[in-house]
Amino acid sequence: MANRTIIFWLLWALVALGVYFTLYSDTGIWDYIENDVSRMTWLILGMFLLGVGGSLWLATKISLEARRLRQVEAVVRERGLQGFESGYQARAVDRFFESLKTTLDTKGRPEVENLMRAELAVFERGSRSVEVAGNLLVTMGLIGTVMGLTLTLAGLTGSLDALGQDRNQLIDGLRRAMGGMSTAFYTTLLGAVFGGVLLRVFAQITQHGVEALYDNLGRICLVYCSADYKDTLERDVRALKAELQGLDDQLQALRGSFGGTTLAFSGFRDEVRSFVKGEAGREGESLQAMLEQHRAYCDMLRQEMRLVYALNRPWWVRFMSLLPGGR
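Residue 58 in UniProt numbering sits at position 58 of the sequence shown, with consecutive numbering throughout.
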């Protein structure tokens, strides 16, 4: 299940909301937080929201990494490590396999454990940060308890001083004492629930997600990539198979390009032939008309030459031609 971490996170959030609406919705806790004089509950609530936001972001990232790992596993199972091609440099899984492939291509010895630790360290730090935020909330709750007890003692001291003298001062002192007790109680409750329970479980969920990434990466490397670690015949065969697969893909693309080019040239050839036929027909008609004009011009020129020749003959030749039998 690729999105197991985010599903567990959402389930725990729903459980927490259900418990709140079941047990604490009628206690007026939000009214007290709004009117808290010490503002310690505000700090606790702000730190809790920050921790929840960071935990949600971390759970989402881990779930996306798990889904990407499933996709990479399918590729590596079929083609081996040499057939892996990185498509998401923002994913730690892609960076891990890309670094592993680069190490093997340079004839280096891969340190799988160290490489996994280097790529997944950011998720471990995020999970520890959420856990530290929970511990801080517990500490802030204890600090609020001390502050509340201090306010309680101050109110009781004022009440004792006003005992039997000033009734209003006595009531104000008791009111401050009760406010101090409320501060001590609510800060302890919020710090323990938000930090000691909710954020700690959120941190545990994300930590389990990181450990699942470690386990799955190690399993994939041991099962599908172990043949690529050593210079063996199987590794060379798998590398050659991956190269041949890449060449085959390129040839298929090139063949498709040539097919498109052939169709384009065929269409162009047909257009040229039709154009040549049209031009040849029009040119033949123009040549025929030109030949007719030249023939008529030659006949006219021949008649003119005969006439000029007849006019240029001597007078006696012309006289003899007029006689019967003359030429």
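C-beta atoms are modelled at their ideal positions from N, C-alpha and C, and glycine is treated no differently.
Under the three-state DSSP convention, the category residue i falls into
i           : result
D94         : helix
G141        : helix
F185        : helix
T106        : coil
S226        : helix
F21         : helix
S86         : coil
E119        : helix
E304        : helix
D36         : coil
M1          : Residue placement at M1 is flagged as unreliable, the pLDDT there being 44, under the threshold of 50; the coordinate-derived value follows with that caveat. Coil.
residue 328 : Residue 328 lies beyond the stretch modelled for the chain, which goes from 1 to 327, so this question has no answer here.
A13         : helix
Nearest neighbour of residue i, chosen from the options [CA to CA]
i    : options               : result
G126 : W42, G53, N216, T22   : G53
T150 : D172, N135, M178      : M178
G134 : F202, A92, Q82, V93   : F202
G195 : T41, D172, Q250, C225 : T41
Y156 : L43, A296, D172, Y186 : Note on residue identity: the sequence assigns Leu, not Tyr, to residue 156. Nearest C-alpha to L156: D172.
L45  : V19, L198, I62, T103  : L198
I143 : L301, A192, Q303      : A192
S226 : E211, L100, D36, I62  : L100
G180 : M147, I6, E211        : M147
R67  : R79, L43, T139, N216  : N216
Q245 : A92, G18, W9, Q82     : Q82
A92  : E78, L115, R79, G80   : L115
I62  : R4, G80, A184, A289   : R4
Residue range of the alpha helix (DSSP H) that includes residue i
i   : result
S55 : 40–79
Separation of residue j from residue i, as counted between CA atoms
i    : j    : result
E131 : E113 : 24 Å
H208 : S38  : 37 Å
T187 : L14  : 23 Å
L136 : L49  : 13 Å
C221 : E124 : 21 Å
L247 : D105 : 18 Å
V76  : L213 : 16 Å
T22  : W12  : 15 Å
F84  : Q252 : 19 Å
Y20  : R200 : 17 Å
Y224 : I205 : 28 Å
L250 : L64  : It is Gln, not Leu, that sits at residue 250 in the sequence shown. If you take the alpha carbons of Q250 and L64, they lie about 31 Å apart.
T103 : P110 : 6 Å
L69  : G141 : 41 Å
E73  : L190 : 44 Å
M1   : F8   : Its pLDDT being 44, under 50, M1 is placed unreliably by the model, and the measurement read from it follows with that caveat. Their Cα atoms are separated by approximately 11 Å.
M47  : R128 : 15 Å
F185 : L17  : 21 Å
L10  : N168 : 51 Å
Q71  : R255 : 29 Å
D36  : R176 : 12 Å
Contact test: residue i Cβ vs the ligand SAM heavy atom, cutoff 6 Å
i    : result
T139 : Ligands are entirely absent from the displayed structure, and the ligand SAM is therefore not among its contents.
Pairing CB atoms from the stretch 137–156 with CB atoms from the stretch 56–66, are three or more of them under 8 Å?
no
Tell me whether the stretch 115–125 and the stretch 91–98 touch, counting them as touching only if at least three CB pairs, one residue from each stretch, are closer than 8 Å.
yes
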